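Data first, discussion second: the structure below is written as structure tokens.
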Amino acid sequence: MNPTKILDVKGMSCPMPIVRTKKEMDTLNTGDILEVHVTDKGALSDMPAWANAAGHTIIDQEEDAEVLKFFIKKA
């Protein structure tokens, strides 16, 4: 998978990962993929809920050590 951009929000607590993800998604084109790296475990529920509400699609999700990775396709 080739993301258009990678956003590193590791170490940030809720709501900052979502706020930063939204800002970054606003700069992308429809169909682009944003890879988000986050350490806040709350993102496991927050990121899918936000993506769904915004109309975007999480096409993959991984956990690598303490880092959660979300691959979000812009609507």
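Each number in our numbering comes from the position in the sequence shown (counting from 1) with 23 added on.
The beta-carbon is built from N, C-alpha and C at its ideal position, and this holds for glycine as well.
None of the values given here were measured: they were computed from a predicted structure.
* To do: Return the first residue and the last residue of the beta strand (DSSP E) that threonine 80 is part of.
  => 80-87
* Is proline 40 near aspartate 63, with beta carbons less than 8 Å apart? -> yes
* Secondary structure at aspartate 31, three-state DSSP: helix, strand or coil? -> strand
* Spatial neighbours of glutamate 85 in its chain, beta-carbon cut-off 6 Å, leaving aside the 5 residues before and after -> Lys92
* Asked: proline 71 and isoleucine 82: beta carbons closer than 8 Å?
  -> no
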